[in-house]
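The opening residue of the sequence shown carries number 1185 in my numbering; numbering runs sequentially from there.
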Amino acid sequence: MPSDRYGSDVLASDWKAPARGRATAAEATVGLVVEEVITDFCGVIVTVERDLDTVILEDRRGRRRTFPLGPGFLLEGRPVVLTAPVTRTAPAKSGRTASGSVAVTGGRARVARESRIFVEGRHDAELVEKVWGDDLRVEGVVVEYLGGVDDLVAVLRDFAPGPDRRVGVLVDHLVTGSKESRIADDVRGSPLGAHVLVVGHPFVDVWAGVKPERLGLRTWPEVPRDVEWKHGVCAALGWPHADRSDIARAWREILSRVSSYADCEPALLGRVEELIDFVTGCDQAG
């Protein structure tokens, strides 16, 4: 039988098939290591955002990147289409809260104390709630935001702190010589000071209380003093920042990277813990 001088028919096989094989569906489960083919970013899946249809990867250096679910990933060298994981029965809850304290199971939230924790703004309140919310409900502590601390003395005067009505205040940028430090000194030196604790972190804004590595950054961007800090950060990161809705979306993205105390800076963690101890310490004082 004569040999086929032209070789086999190229159309007899799947000649369009890519060298690595065709992509198959893969569930984007936390802990799976994948590579994004456009950027060559390789990391473990740490979060799947169903509402945003995105996945967050963390590489071995702790840097995080967000990518859309779908095609464009490699799993063990093979192309895959990442899909949102199928909803399953929730596993048993951890024995720790997001703040790292021992979780209280089977108990009801305590009736709110008269004591309060005041923070400067909505974002401060949302971050405190995400990390310490379980603890605050157990202790019956309510967190309220002020919309700034310029009128703190007047707010405290109206609240009328007392031995069983303590107030803890968390202030941004509480550094020597700042406006915030002068306000804090005024409170401490007033008759209200005996039942009020004002503490603060050194960051210009609570956004910076989130570790920059959680957004794939080495440090938070430097922002000129004549530029509003949040807008400056968004501009440096290439995020929209034209109006308040843009800033709100940016904050939601940052807050989504926080799952526990480990995602926040120690300079913030210590101050919030100090305030919780102060406003709940009236149990021992009475």
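Think of the CB as a built atom: it goes at the ideal place given N, C-alpha and C, for glycine as much as any other residue.
- Counting only runs of 3 or more residues that sit fully inside the stretch 1368 to 1443, the beta strand (DSSP E) segments are 1380 to 1384, in chain order.
- By the Cβ rule, the stretch 1381 to 1396 counts as touching the stretch 1445 to 1459, because three or more pairs are nearer than 8 Å.
- Rounded to whole angstroms, the separation of the alpha carbons of A1210 and P1263 is 9 Å.
- Within the DSSP secondary-structure output, R1247 pairs in no beta bridge.
- Closest by C-alpha distance to V1463, out of V1337, K1363, V1380, T1250, is V1380.
- Comparing alpha-carbon positions, the option among W1316, A1432, I1460 lying closest to H1307 turns out to be A1432.
- With 16 or more other Cβ atoms from the protein chains shown falling within 10 Å of its own Cβ, V1315 counts as buried.
- Here DSSP, grouped into helix, strand and coil, assigns T1360 to coil.
- For T1464, the enclosing alpha helix (DSSP H) starts and ends at 1450 to 1464.
- Membership of R1321 in the alpha helix (DSSP H) is indicated by the continuous run 1306 to 1323.
- Across the set R1402, V1351, G1400, C1418, the C-alpha of C1418 shows the shortest separation from the C-alpha of P1408.
- Within 10 angstroms of the beta-carbon of S1299 lie 16 or more other beta-carbons, which makes it buried.
- Here V1230 really is in contact with E1242; their C-beta atoms are around 5 Å apart, less than 8 Å.
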